[in-house]
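When you number the sequence shown by my numbering, it's gap-free, plus one each residue, and the end is 912.
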Amino acid sequence: MSKPKIALYWCSSCGGCEESVLDLAEDLLEVEGLVDVLFWPVALDMKYQDVAMIPDGGITATFINGAVRMENQEHMAKILRKKSKLIIAHGSCAHIGGVVGLANFYDSRDVLDRAFKEVPTLKNPQNILPGDEIEEFQKELKLPNFYNNVKTLDQIIEVDYYIPGCPPTPKLIKNAINAILQERLPLKGSVLAEKKALCYFCSRKESKPDTVRIKMFKRLYETEWDPARCFLDQGLICLGPATRGGCEERCIKANMPCRGCFGPPDNVTDQGAKILSFLASFLDSKDEKELRKIADSIPDPAGLFYRYSLASSILKGKRIEQEDEKTNLD
């Protein structure tokens, strides 16, 4: 009897989700014995042609991590959708846009200028940007188009399930693989983690008062904080109330507040709006000037509230003339 076929692919990502698979450690050997890995560019020498030859529906499940920013990424996502019975968005970037989605606050040309011209550690005196021609050899290169917007995986193809996290925990990945192999997956479209917010599972929840009142938000470097007490009650911004549980409190256990990488819990449409709402309810003043002062103590609110979810939010990012317009790299 043939084993189920699995594929893994990455789009615009940092590689952390690939590492999360390796973090299965000895369990990876168990998984390897239960499935055949047909395609995994980061680890195996397989080419596009190998995928093209797979019969439609021939892959049991494909795990795709990373947001979609490039033309070739969209193309591969659509090919893998055609070849796969199940598509799993693996990690924050594929799920809700991730950190790379913050680029949607800027025009694509600004992104390229920053990356190739303005970074202090970069030496590029001729201000060369990526192009499709090499002058020395008079040879034309066909580079993939760089889109104006970062998109989540489900804005490109139909996604069956989501594994949240930056990166996901090995436990979530193992549970997802076992659910596929044992055919006990939940309803299509489910996020394979807890349904409720992190605060419900937090080891510090008993120290959180019924009403949190904040006179000024503090940054981590500005204060010493109690490692057993609710961050919010200490004036430190923690995004647990607007973030899905299931992360095993990795940040909390390291004495750091939640930054929202698991995305919103069920029944929350826009994570950033939810964060704005609950933080606003904590402001301890009725005076307009004082309220502004408290709000101003939050540096870069948009970057904080939408650190992981901008691409999937109601805002989506900076409004441009044509959303699907592609950047000419000439």
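Don't be surprised by glycine CBs; every beta carbon is placed ideally from N, CA and C.
Given 8 Å, three or more beta-carbon pairs between the region 680 to 690 and the region 604 to 614: no
Run of the beta strand (DSSP E) containing Val650, from where it starts to where it stops: Val650 to Met652
Separation of Met658 from Pro631, as counted between CA atoms: Sequence inspection shows Gln at residue 631; the Pro mentioned does not correspond to that position. In a straight line, the C-alpha of Gln631 is about 11 Å away from that of Met658.
Own chain residues within Cβ distance below 8 Å of Val624, not counting five before or after: Leu590, Trp592, Gly597 and Glu600
Rounded C-alpha distance that separates Arg999 from Ala810: Absent from the structure is residue 999, since the part of the chain shown begins at 583 and ends at 912.
Three-way DSSP call (helix, strand, coil) for Asp605 in this model: If DSSP states are grouped into helix, strand and coil, Asp605 belongs with coil.
Alpha carbon of Asn757 to alpha carbon of Leu604, nearest angstrom: 15 Å
Inter-stretch contact (C-beta, 8 Å, three-pair minimum) for the region 731 to 743 and the region 821 to 837: Contact between the region 731 to 743 and the region 821 to 837 is absent, because fewer than three Cβ pairs lie under 8 Å.
Classification of Ile916 by the beta-carbon crowding that lies within 10 angstroms, buried from 16 upward: No answer is possible for residue 916: it lies beyond the span of the chain, which begins at 583 and ends at 912.
Between the CA atoms of Ala855 and Phe887 - distance to the nearest angstrom: 8 Å
Within the region 864 to 893, ranges of the alpha helix (DSSP H) (whole runs, at least 4 residues): 870 to 878 and 883 to 887
Boundaries (first-last residue) of the alpha helix (DSSP H) holding Asp695: Ser690 to Asp695
Straight-line Cα distance separating Lys770 from Ala761: 13 Å
Extent of the continuous alpha helix (DSSP H) to which Arg862 belongs: In the sequence under discussion, the amino acid at residue 862 is Ala, which differs from the Arg named in the question. Run containing Ala862: Gln853 to Ala862, per the alpha helix (DSSP H) assignment.
Beta-carbon spacing of Ile876, Lys800 below 8 Å: Cβ distance not < 8 Å, so Ile876 and Lys800 don't count as in contact.
Ser602 vs Pro749 beta-carbon contact at 8 Å: yes
Ile745 beta carbon less than 8 Å from that of His672: Cβ atoms of His672 and Ile745: closer than 8 Å.
Rounded Cβ spacing between Arg651 and Val732 (contact assumed at less than 8 Å): 5 Å
Straight-line gap, Pro846 to Pro707 (C-alpha atoms, nearest Å): 43 Å
For Ser666, the residue or residues it bridges with in DSSP: Ile641
For Ile636 and Glu765, the rounded distance between their alpha carbons: 22 Å
Nonlocal neighbours in the same chain, by C-beta distance under 7 Å from Gly885, ignoring five residues either side: Closer than 7 Å at the Cβ level, and outside the excluded window around Gly885, lie Leu684.
C-beta contact flag for Thr642 and Pro726 at 8 Å: no
Residue from Asn654, Phe645 and Ala649 whose Cα sits closest to the Cα of Leu668: Phe645
Residue from Cys812, Leu814, Gln853 and Glu804 whose Cα sits closest to the Cα of Ala824: Gln853
Rounded separation between Lys665 and Glu830 - CA only: 33 Å
Through-space distance from Thr734 to Ser894, alpha-carbon basis: Spanning the two alpha carbons is a distance of roughly 7 Å.
Counted within 10 angstroms of its Cβ, other Cβ atoms place Tyr729 as buried (16 or more) or exposed: buried
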